[in-house]
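> In terms of UniProt numbering, the numbers along the sequence shown are unbroken and rise by one, the last being 618. Using N, Cα and C, we set each Cβ at its ideal position, and we do this for glycine too. Computed from a prediction, not measured in an experiment: that's the story for all the values here. So that we are looking at the same thing, I have put the structure below in structure tokens.
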Amino acid sequence: MLQNIRDRSQGWIAKVIIGFIILLMALTGFEAIIRATGHQGAVALVNGDEIKQTELAQAVEMQRRQLQQQLGQGFDPSTLDDRLLRESALKALIDKQLLLQSAKADRFAFSEQALDQLILNTPEFQTEGRFDPQRFDQAVRQMNYNRLQFRDLLRDEMLIGQLRAGIVGSNFVTDADIETFAALERQTRDFAMRTVKASTSGIVPTQEEIQAYYDSHKNDFMTPEQVVIEYVELKKDAFLAKAKVDESRLQAAYKSEIANLSEQRDAAHILIEVNDKQNDEQAKAKIKQIQERLSKGEDFAKLAKEFSQDPGSAANGGDLGFAGRGVYDPAFEEALYALAPHQVSAPVRTSFGWHLIKLQGVQAPEVPTLASVRPRLEQQLKAEDADRLFVEAGRKLESSAYEASDLSQPAQEQGLQVKTSAPFGREGGEGLTANRQVIEAAFSEDVLRNGANSAALQLDPDTLVVIRDKEHRTPQLQPLDAVKKEIVTRLSQEKATAVAKQTGEEQLKALRDGGKAPAGDWRTVEAATRNQEGVDPQVLQAVFRMAKPEADKPSYAGISLRNGDFVLLRLQGVGVPKEALSAEDKALYRRYLASRAGQVDFAAYRRALDAKAEIKHL
């Protein structure tokens, strides 16, 4: 357990920003979410503050991607229930809004300078250990945000992180608490175990038993409710193949791309903060003293290391690396772009304090030739055309399907084929019918009961389908012969489990009454820990719940395992660690116990916010 505590004992700021970026980047490739939910309708009001439909759509997709990562590549995300995902995502957004409101009300703050340093020092935004503006811009675009949106979101996460850290970090534990917990956690147990197998060998249920089980469990043997659907499928790829780009559009796109290229400037600075300990006049006087020393030939980097109050760059001689426009404070940027290479600015006032800024170098944008970018631009323009045509065709398809009594006319208008699925139930089928949207539409009141065509369903950014139910198969009781084999298996396992339990409990009673141990192999485990490898967790839990044995008299217990086996347990001794806790381990336990108590307090705090909040679902 100590190793687990060590793994968790890292700073909350690092955890928040890395986790936040990883979650956002999980949305890479889902630009269509924003486009598909472009209207800014609110889905909920939290003490008067809106939660937008776009926020909810992103949160739902984020949860879907998280689950997919946790469950592995073999997991099909289309099997997830969108309604449950939406409820979970909305609850999380409401919790976040409540915490953010509380943090702001309590005047928690995260400065622009600290936010800049977080971004500049984030490995995901660096190349060879230095901040890379192009990589930052690319990453932010992949998250479907611009720079300002990302900064706002990151600032919110930091404010909530401060609030959480304040509550969680305010708990304390006594030395007695630590000693008690550590003694229990480090305790070991010497025990032996004997397994009474739940064997189905020789168990043959009678026909009467089979019939009785069948009659009393008919709901278990109903065929699933199923439908067969007809559908038309619209694919963006079909429009991409038809798209053509003329030379004039290509030239215009090339000129636009060149015009958007911008130079990168390598800046260094010395910052003297204006804060509670140092007012504006004092900071300005200090920066002027440094400016005077620079004018006498002293090295900028050395002075930055000595005087700069920017913790992120001072150690590197004030070096901020290359960046384009839009990264720094406007006053800082204006001064930087007015400098010639190696020139140092006059003192510049920003929201952080007073700066001296040095331009270390300029990296001019490399202008590509038309020939080098032609293939990419052609593909980009074709994709834009395909997007437009796909959206237009999708609108026409949905409108036509809404007005039509079947799918023949909509398919004919779009040059599509009406296809038919294999039967599938509410758990889904394969391929298209495994998609949760298709399943929900096929079993919806409008489609299933009223015989209507569905709305256009966007299965992914490149695929739209409209479906209708062709056949509805209601649940039917399967004949006994079809399920007899399954019933025999169930009855045999139930009987075997019951026999094993009865035999085990009889043997357990005999042992507790002082009888002789039953014949058979006992497996001995010495000095077992709570997470002992090679022992069933159910067995370990039972062993550590057993009372400490009296001198020379073991204690006994029994447990039924999930597979039906019964395990006899003989506890022979309890080991208590003799060595004292090291200072390091004691500190780790202290942090762990305080954090655990703090998490309980934080959960209670969140419940209290929720209880007094005015929340309206729209």
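Evaluate contact between the segment 255–265 and the segment 349–369, counting only Cβ atoms and requiring at least three cross-stretch pairs below 8 Å.
yes
> Pairing CB atoms from the segment 534–543 with CB atoms from the segment 556–568, are three or more of them under 8 Å?
yes
> Note down, one range per segment and in chain order, each beta strand (DSSP E) of at least 3 residues found wholly within the segment 479–506.
The segment 479–506 contains no whole beta strand (DSSP E) run of 3 or more residues.
> Quick one, which of P554, K586, V488, G48 has its alpha-carbon nearest A212's?
V488
> By the three-class DSSP mapping on this structure, what secondary structure does K586 have?
In the structure shown, K586 sits in a helix (DSSP, three-state: H, G or I).
> Is it true that the segment 376–392 meets the segment 304–323, where meeting means three or more beta-carbon pairs spaced less than 8 Å apart?
no
> I'd like the span of the alpha helix (DSSP H) that includes V543, first residue to last.
From DSSP, the alpha helix (DSSP H) with V543 extends over 537–545.
> At a threshold of 7 Å, does V488 count as lining the ligand PLP (C-beta to nearest heavy atom)?
No copy of the ligand PLP appears in this structure; indeed no ligand is present at all.
> Taking R268 as part of the beta strand (DSSP E), name the residues at either end of that continuous run.
Just to set this straight, residue 268 is Ala in the shown sequence, not Arg. Its beta strand (DSSP E) spans residues 264–273.
> Can you confirm whether the segment 164–172 touches the segment 466–478 when touching is taken to mean that 3 or more C-beta pairs between the two stretches lie within less than 8 Å?
no
> Would you kindly report the start and end of the unbroken alpha helix (DSSP H) that includes T180?
175–185
> With DSSP as the reference, identify every bridge partner of R107, one or two as the case may be.
Answer by DSSP bridge pairing: none, since R107 is not bridged.
> Going by DSSP in three states, V227 sits in which element: helix, strand or coil?
strand
> Using 8 Å as the threshold, is the C-beta distance between L416 and V232 below it?
yes
> Can you give me the C-alpha to C-alpha distance between R249 and E403, rounded to a whole angstrom?
38 Å
> Which residue's Cα is closest to the Cα of V466: A455, L459, R473?
Nearest in C-alpha terms to V466, of all of A455, L459, R473, is A455.
> Using DSSP with H/G/I as helix, E/B as strand and the rest coil, what is F30?
Note that F30 scores a pLDDT of 36, beneath 50, so its modelled location is shaky; the value from the coordinates is reported in the next line. Three-state result, F30: coil.
> List the residues that DSSP assigns as beta-bridge partners of D460.
T463
> Report back the beta-carbon spacing between F131 and A323 to the nearest angstrom; my notes put them in contact at under 8 Å.
7 Å
> Is the number of C-beta pairs between the segment 206–222 and the segment 482–496 that are closer than 8 Å three or more?
yes
> Starting from Y556, follow the beta strand (DSSP E) in both directions and report where the run begins and ends.
555–560
> Please state the DSSP three-state secondary structure of D387.
helix
> Taking buried to mean at least 16 other C-beta atoms within 10 Å of its own C-beta, is H269 buried or exposed?
That one is buried.
> Quick check on D237: does DSSP put it in helix, strand or coil?
helix
> Tell me the rounded alpha-carbon separation between S444 and A452.
10 Å
> Just how far apart, CA to CA, sit K197 and Y214?
If you draw a straight line from the Cα of K197 to the Cα of Y214, it comes to about 27 Å.
> Could you tell me whether the segment 268–283 touches the segment 354–363, using the rule of 3 or more Cβ pairs below 8 Å?
yes
> Would you kindly report the start and end of the unbroken beta strand (DSSP E) that includes D49?
D49 -> beta strand (DSSP E) spans 49–52.
> In angstroms with no decimal places, state the Cα-to-Cα distance between E31 and A371.
The predicted model places E31 with a pLDDT of 36, which falls under 50 and marks its position as unreliable; any figure quoted below should be read in that light. About 28 Å.
> When you compare only the Cα positions, how much space is there between L609 and L115?
Rounded to the nearest whole angstrom, the CA to CA distance from L609 to L115 is 27 Å.
> If you count every other CB in all the chains shown that lies within 10 Å of the CB of Q113, and 16 or more means buried, which is it?
Around the beta carbon of Q113, 16 or more other beta carbons sit within 10 angstroms, so the residue counts as buried.
> Closer than 6 Å by C-beta to G38: which residues in its own chain qualify, once you throw out the five before and the five after it? Chain order, please.
For G38, the predicted model reports a pLDDT of 39, less than 50, meaning its position is unreliable and no value from the coordinates is stated.
> Using DSSP bridges, identify the partner residues of G428.
G425
> According to the neighbour-count rule (16 or more other Cβ atoms, all chains shown, within 10 Å of its Cβ), is F321 buried or exposed?
First, the residue type needs correcting, since residue 321 is Gly and not Phe in the sequence shown. Residue environment: G321 is assigned as buried (16 or more neighbouring CB atoms within 10 Å of its CB, all protein chains considered).
> Tell me, to the nearest whole angstrom, how far the beta carbon of L568 is from that of Q507; I am working on the premise that it is less than 8 Å.
6 Å
> Provide the residue span of the alpha helix (DSSP H) that contains K305, from first to last.
300–307
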